[in-house]
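Protein chains in written order, with this note's numbering: chain A, -3 to 620; chain B, 271 to 403.
Here a beta-carbon is modelled for each residue, glycine too, at the ideal position from N, C-alpha and C.
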Amino acid sequence: MCFKNLPIDFDEAGNATLRGGIPDPYDVTITKPDVDKSEAEREAQIRELVARNGHIKEMNMDPVTRIAGAMALSVTADLEEGRYLDARSQAPLFRGYEVIAMGRDPRDAIFITSRACGVCGGVHAHCSAYAIEMAMGLAPPAMGTVARNLGEAAEMGYDNPLHLYLLAGPDYSEPVVKATTPHLWQKAQSWSCPGVSNHGFRTMSELMTALTPLTGDLYREGLDFTRLAREQFVLLHGKYPHPQTIVPGGVSSTITLQTLNEFHSRLSKIFDYAQRMVAIWDDLTEFFYEADERYKLVGSRPMNFIDTGFWDDPYAYDATYENCNAWGERRWATPGVMIDGELVTTRLTDVSCGFEEFVDHSFYEQWSGGRHQTDPLGNPISPYHPWNKQTLPKPGPKSWKEKYTWSTAPRWDRQVVEAGAYARLFITARARKQPANDFIEATGHSLRMRVPKGLTPEAELEWHVPDTWNAFERNRGRAYHYLFSQLVSLASLMDAYDLMRKGENRVAAVPADELPKRIPKEPTPGVGFWGAGRGFLTHFLELDQGVIDNYQIITPSTINASPRDPWEQPGPYDESVRNTPMLEDISDPSKFTSIDMLRAVRCSTRACRAPRTCPRGAGRSCAR
Amino acid sequence: MPAGPITEAPRSGVDVLVGGVGQLYQGDLDLGRHAIEALAGEDLGRGVRVEDLHYGAVAVVQRLQELRPAALILVGAAQRGRAPGSVHRRSIEGVDLPPSELQRAVGEAVTGYVTVDLLIEVAFALEALPPAP
């Protein structure tokens, strides 16, 4: 029984049914979450504060830099009290990949939707292939799944350092800390780093200097390691970003012993770096906590997470929806949902059935009806479920009460959940369902990671489920996720060598020229449950007459940057900002930078909606 | 202390690198790649190399660090307020932007933007442009 709000019951076999006696169980006025304060009450409170306090400031950040240029944030700040009263994140650009995909050969979707993100340049291609192969009934051979695992671990090897050192890291660098919190810089100069033996920085100030954009050692080293990861990906899939070798039923790459050896030679360089990364973000976090406990509130929000799992067991994944709970729970990162720190499910069918997307405050028309009342297993799904959703763009003026963003409001069981690479750590640690392996152990409250010897000796590192959730823990979690992903890579590489030794080199279910014959003509749904650098990723589709009849992408940024929902619950970003105290020096309001708020936002994600090439000065996106 | 850059390649012998910058199906009509495809079939002389450089400014910078060409010629399309189709040649000897703008350029590059201007800014910021003649 994982649903608190949706009226869904389960029988002893785990089959879900709608509770009887409710005439319209998905009506938003009937099935409602608990909301502590209504939007009207909140607005009245802000109006009252504005009337008696001249320190209330409205701010618009458009774009929020170092996030992707495709996100804006409007906040109301009380500079006297040092707190944010309200926040609304907005996606100012229409992407429209779902519309572009309509009516096309399903195989085109792999290449079209790949462009949904300019950073994670392979995850959408993979997710699309998963959805299509489910509809086509094509299960990849084991080596095909292992090749995907390796490529996607490499992609995390690209994404995580990029995020930590090029996007989030500068917020903790010498120039920023000196300018916004001079007293912290003073403390940093004499604060001895506990992790000096791992990362080499004697004091926190040395570490912060190394985070300085363009000139800092860590910034530049981060760039170098993104290259190593790209090389790994390209070895397997020929091209990055936007690989051309991800196909329904596997990959079209040629995997040889040389490929694996070259991949291995690069992977072996990563483990020392990963240990250093963990030590750096451990030390940064502890420094800020020690300096001021209120940093634990920066970006804080409940531990509500959703994740679809990542990296398949090559011997369990069969590309069917019927068995998705079984193969999902065999993933290296376990799928699931956590609410208030408690794991409520690890079943992909529950993840899907509880999922809804609302457009009350989004520039879309509400679609009517829905073609599916259940998923392919007979579990009930909402009219707001992605399999029922239609993308109906409706641009218009921005209005907080009406519509103000191109992002939708995804919710699970009508609750606000967060996506992130760290959600993988939480759910995997709690679930303890990982395949047996030599490198990662889920304990229920932590993940123990055994790191092979490199230049530094073999070591065991442990990520603990934190007792508080905030910007610093997100960054720390991402650093541990980097190590986690590279250990998945090592385990998968051993799988690949094993398969090669057995002569199981086949990487695709069927030859390319047989694919057209496998495209169903009758209406057939499919879903890709996959992951991005920032966590949760799904592609839902419906094929009919051999072409795409509906396509729906839900990215982690859609979830995290979501607007208010029908019950006026703020999305994860907005909630994080509201809970963030202003800890920077605001004695001179003209120098106010909002650094604490920016840390709260930049720790989470980058917008997975990067625009396409567009001449500068003509706007940053070309919606087609 | 952290390691320095992983790769410090010797000069490759490429005198002139001609790169196309653009993306398939996008608003720049993919001019850079079309130009490269056309030039690839031409005899441009010894030491001239033609490459597609559309794959992101930071990755291209790393390619420049690898090849270390004596001169770099970039071909792409950008909206400048002139009549569509106007051909313009710019000579770049440096980029007059403050560090904060160069940081912004790197941030944009790693989050997926691809333009000729951005490539030049990032290459300048990361000291990968060939030395001025």
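Proximity of residue i and residue j at Cβ, strictly below 8 Å
{"i": "L388(A)", "j": "Y418(A)", "result": "no"}
{"i": "N466(A)", "j": "V294(A)", "result": "yes"}
{"i": "P552(A)", "j": "F532(A)", "result": "yes"}
{"i": "I555(A)", "j": "E94(A)", "result": "no"}
{"i": "W328(A)", "j": "F306(A)", "result": "yes"}
{"i": "P209(A)", "j": "P166(A)", "result": "yes"}
{"i": "A427(A)", "j": "R530(A)", "result": "no"}
{"i": "Q482(A)", "j": "A143(A)", "result": "no"}
{"i": "D303(A)", "j": "I423(A)", "result": "yes"}
{"i": "P562(A)", "j": "V24(A)", "result": "yes"}
{"i": "S488(A)", "j": "N194(A)", "result": "no"}
{"i": "S442(A)", "j": "V461(A)", "result": "yes"}
{"i": "L421(A)", "j": "H477(A)", "result": "yes"}
{"i": "A315(A)", "j": "E129(A)", "result": "yes"}
{"i": "L69(A)", "j": "V597(A)", "result": "yes"}
{"i": "I390(B)", "j": "V357(B)", "result": "no"}
{"i": "G140(A)", "j": "Y236(A)", "result": "no"}
Through-space distance from residue j to residue i, alpha-carbon basis
{"i": "M57(A)", "j": "E202(A)", "result": "31 Å"}
{"i": "L301(B)", "j": "V345(B)", "result": "8 Å"}
{"i": "M204(A)", "j": "R198(A)", "result": "11 Å"}
{"i": "E454(A)", "j": "D278(A)", "result": "19 Å"}
{"i": "A395(B)", "j": "Y161(A)", "result": "16 Å"}
{"i": "S264(A)", "j": "L207(A)", "result": "24 Å"}
{"i": "Y317(A)", "j": "L224(A)", "result": "35 Å"}
{"i": "L14(A)", "j": "T370(A)", "result": "10 Å"}
{"i": "G147(A)", "j": "A121(A)", "result": "12 Å"}
{"i": "E564(A)", "j": "T252(A)", "result": "54 Å"}
{"i": "L314(B)", "j": "V328(B)", "result": "27 Å"}
{"i": "R470(A)", "j": "H159(A)", "result": "11 Å"}
{"i": "I242(A)", "j": "A475(A)", "result": "28 Å"}
{"i": "A83(A)", "j": "G311(B)", "result": "55 Å"}
{"i": "A438(A)", "j": "W323(A)", "result": "18 Å"}
{"i": "G274(B)", "j": "P431(A)", "result": "For G274(B), the predicted model reports a pLDDT of 43, less than 50, meaning its position is unreliable and no value from the coordinates is stated."}
{"i": "P59(A)", "j": "E378(B)", "result": "11 Å"}
{"i": "V376(B)", "j": "A340(B)", "result": "23 Å"}
{"i": "N156(A)", "j": "G283(B)", "result": "34 Å"}
{"i": "A66(A)", "j": "W402(A)", "result": "10 Å"}
{"i": "V274(A)", "j": "V447(A)", "result": "12 Å"}
{"i": "P354(B)", "j": "Q293(B)", "result": "18 Å"}
{"i": "E625(A)", "j": "A287(A)", "result": "Absent from the model: residue 625(A). The displayed extent of chain A is -3 to 620, so no value can be given."}
{"i": "V115(A)", "j": "I582(A)", "result": "34 Å"}
{"i": "G382(B)", "j": "P88(A)", "result": "16 Å"}
{"i": "D32(A)", "j": "A73(A)", "result": "21 Å"}
{"i": "I96(A)", "j": "F(-1)(A)", "result": "35 Å"}
Proximity test, residue i beta-carbon vs the ligand PLP heavy atom, cut-off 7 Å
{"i": "A305(B)", "result": "Inclusion of the ligand PLP in the displayed structure is not the case, the ligand content being empty and no account of it being possible."}
Supposed close pair residue i, residue j - CB separation, criterion 8 Å
{"i": "L81(A)", "j": "I106(A)", "result": "Incorrect: roughly 44 Å between the Cβ atoms, too far for contact."}
{"i": "V331(B)", "j": "A398(B)", "result": "4 Å"}
{"i": "V286(B)", "j": "I343(B)", "result": "6 Å"}
{"i": "G633(A)", "j": "T341(A)", "result": "Only positions -3 to 620 of chain A appear in this structure, which leaves residue 633(A) out of reach."}
{"i": "F480(A)", "j": "F284(A)", "result": "Not confirmed; about 23 Å, so no contact."}
{"i": "P559(A)", "j": "S395(A)", "result": "At roughly 11 Å, the Cβ-Cβ gap does not stay under 8 Å, so P559(A) and S395(A) are not in contact."}
{"i": "S485(A)", "j": "A150(A)", "result": "7 Å"}
{"i": "N300(A)", "j": "I335(A)", "result": "5 Å"}
{"i": "G212(A)", "j": "S261(A)", "result": "28 Å between Cβ atoms; not a contact."}
Neighbour list for residue i in chain B, Cβ cutoff strictly below 7 Å
{"i": "C113(A)", "result": "G382"}
Within chain B, partners of residue i - CB distance below 8 Å
{"i": "P157(A)", "result": "Within 8 Å Cβ-Cβ: nothing; P157(A) doesn't reach chain B, min ~10 Å."}
{"i": "R226(A)", "result": "A329"}
{"i": "P166(A)", "result": "Q373"}
Contact set between residue i and chain A, taken where Cβ atoms lie within less than 8 Å
{"i": "G377(B)", "result": "T61, R62, L162 and L163"}
{"i": "P369(B)", "result": "P209 and L210"}
Cross-chain neighbours of residue i in chain A, by beta carbon under 9 Å
{"i": "L372(B)", "result": "P209 and L210"}
Where residue i meets chain A, residues with beta-carbon distance less than 7 Å
{"i": "A395(B)", "result": "L210"}
Interface partners of residue i on chain B, CB under 9 Å
{"i": "L219(A)", "result": "P275, V328, V331, Q332, V376, V380 and L396"}
- Query: Hey, which unbroken runs of the alpha helix (DSSP H) at 4 residues or more fall wholly within the region 318 to 374 of chain A?
  - Reply: 320 to 324 and 344 to 349
- Item | Runs of alpha helix (DSSP H) lying entirely within the region 526 to 600 of chain A, each at least 4 residues, in chain order | 552 to 556, 568 to 574 and 591 to 598
- What residue ranges within the region 170 to 196 of chain A form continuous alpha helix (DSSP H) runs of no fewer than 4 residues, ordered along the chain? 170 to 176, 178 to 186 and 192 to 195
- Query: At what residue ranges does the region 383 to 455 of chain A contain a whole run of the alpha helix (DSSP H), taking only runs of 4 or more?
  - Reply: 417 to 427
- Output the residue ranges of the alpha helix (DSSP H) runs that lie fully inside the region 190 to 236 of chain A and measure 4 residues or longer, sorted by chain position. 192 to 195, 200 to 206 and 213 to 233
- Continuous beta strand (DSSP E) assignments of at least 3 residues falling wholly in the region 50 to 100 of chain A: 52 to 57, 68 to 74 and 79 to 86
- Counting only runs that start and end within the region 296 to 321 of chain B, where is the alpha helix (DSSP H) found for 4 or more residues in a row? 301 to 310
- Query: Can you list, in chain order, the stretches of the alpha helix (DSSP H) that have 4 or more residues and sit fully within the region 107 to 182 of chain A?
  - Reply: 119 to 132, 138 to 157 and 170 to 176
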